[in-house]
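Numbering (mature numbering (1 follows the signal peptide of the UniProt record, and there is no 0)) for the sequence shown: -15 to -1, 1 to 282.
Structure first, then comments.
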Amino acid sequence: KLMLLASALLTPVDSLCPKFSPSKLCNKQQMHNIRLWIVQVGLALKKLFEESVVKREDLFITSKLWCGHHAPEDVPEALGDSLDDLQLDYLDLYLIHWPFRVRKGTSIGNPENFLPPDIPATWGAMEKLHDAGKARAIGVSNFASKKLGDLLAVARIPPAVDQVECHPGWQQSKLHTFCQSAGVHLSAYSPLGSPGSTWMNGNVLKEPVVLSIAEKLGKTPAQVALRWNIQMGHSVLPKSVSEERIKQNLAVYDWSIPEDLLAKFSEIKQARLLMGNFIVNKDSVYKTHDELWDGEI
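Set out below in structure tokens:
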């Protein structure tokens, strides 16, 4: 059933998913392609529900609020569009994509479009969506520890999740500790280092520590990288359109990395892959990478 579900959802993803560079996001053609892709996913979901392949309550569906929809009055419209495109009544999780804002309908690649973010105001609109049952949980993405702490200090409903880059090559040690103490779940995107990506390509799966542990345990490097995140208490969001790799990615819950081998992950040199160069600019609210990531680079 899992593979039938994956096949149904990945057919539109593989054929329509736009190849983009972050600096050009919100280009009208790219946004049209993304919208078309989401609509196709919605059609696939509708078919799966109608044919009783899976029930809605068995899926956990997440979407994100884009940087051009931070104005409180734009937040419900943005979520409404996502629900319409996906043919859903609610999302399980809705995230603020970045702590960064641009004018509605414009590209993040042009500094003239940058606006100062007002995260408390945007979050207030997110809380109303949660109250209305449109988003059963709300959270953030790409928030470093200080920004997450600042939001927690003013939030009526604390963020349930912070979705960030996290893998053996960028372990997010400070944020991990902060999230644990604050009761915020850390969810890992690019848990394999996004191999093959044109704009964020790491060598996590070629790390000697990962390769050595994989050989000792009889697992693939990808399985070891995913299992590390899971044992750290993080959820993982690997991406693949290969049936064989999807099966391998799912086979990480009936074994564990022994403590002596888990300790070896501390030997891996740390490097953030997604630096946010498209946001850091002399005309941006974040003029340095340190400012964007609160020194966590």
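Positions of the beta carbon are idealized from the N, C-alpha and C atoms, including for glycine.
Please read these numbers as outputs of a predicted model, since none were measured by experiment.
Beta-bridge partners of residue 174 (DSSP): 150 and 222. The C-alpha of residue 90 is placed about 23 Å away from the C-alpha of residue 72.
Residue burial annotation: residue 128 is buried, with at least 16 other C-beta atoms found within 10 angstroms of its C-beta. With 16 or more other Cβ atoms inside 10 Å of its own Cβ, residue 204 counts as buried. Taking residue 161 as the centre and dropping the five residues before and after it, the same chain places the C-beta of 171 and 217 closer than 7 Å to its C-beta, in chain order. Its Cα nearest to that of residue 198, the residue 246 stands out among 23, 246, 254 and 226. Looking from the CA of residue 210, the closest CA among 228, 126, 227 and 173 belongs to 173. Annotation note: the region 30 to 58 contains no uninterrupted alpha helix (DSSP H) run of length 4 or greater. One thing to note: residue 255 has its Cβ within 8 Å of the Cβ of residue 156.
Under the criterion of beta carbons closer than 8 Å, residue 178 and residue 189 qualify as touching, at roughly 3 Å. For residue 71, no pairing in a beta bridge is given by DSSP. Put simply, the backbone Cα of residue 97 is about 8 Å away from that of residue 268. Distance from the CA atom of residue 281 to the CA atom of residue 30, rounded to whole angstroms, is 38 Å.
Residue 99 is bridged by DSSP to 87. Collapsing the DSSP output to three states places residue 227 in coil.
For residue 124, the enclosing beta strand (DSSP E) covers residues 123 to 126.
Pairwise C-beta distances place the region 51 to 65 out of contact with the region 124 to 141, as fewer than three of them are shorter than 8 Å.
Across the structure, residue 152 and residue 68 are spaced so that their CA atoms are roughly 30 Å apart. Residue burial annotation: residue 165 is exposed, with fewer than 16 other C-beta atoms found within 10 angstroms of its C-beta. In the assembly as shown, residue 200 is an exposed residue. Its beta-carbon has fewer than 16 other beta-carbons within 10 Å.
For residue 81, DSSP records a beta bridge to 50 and 125.
The count of Cβ pairs closer than 8 Å, one atom from the region 72 to 89 and one from the region 38 to 57, reaches three, so the stretches are in contact. With respect to the C-alpha of residue 93, the residue from 262, 276, 278 and 275 having the closest C-alpha is 262.
Residue 240 counts as exposed, since fewer than 16 other beta carbons sit within 10 angstroms of its beta carbon. Under the criterion of beta carbons closer than 8 Å, residue 74 and residue 24 do not qualify as touching, at roughly 17 Å. Straight across, the Cα-Cα distance linking residue 118 with residue 229 is about 37 Å. Here DSSP, grouped into helix, strand and coil, assigns residue 22 to helix. Leaving aside the five residues that flank residue 208 on each side, the residues in its chain whose CB is nearer than 8 Å to its CB run, in chain order, 199, 233, 234, 236 and 237. The bridge partners DSSP lists for residue 120 are 76. Just so you know, the alpha carbons of residue 278 and residue 146 end up roughly 17 Å apart.
Boundaries of the alpha helix (DSSP H) harbouring residue 131: 130 to 139, taken from the DSSP string.
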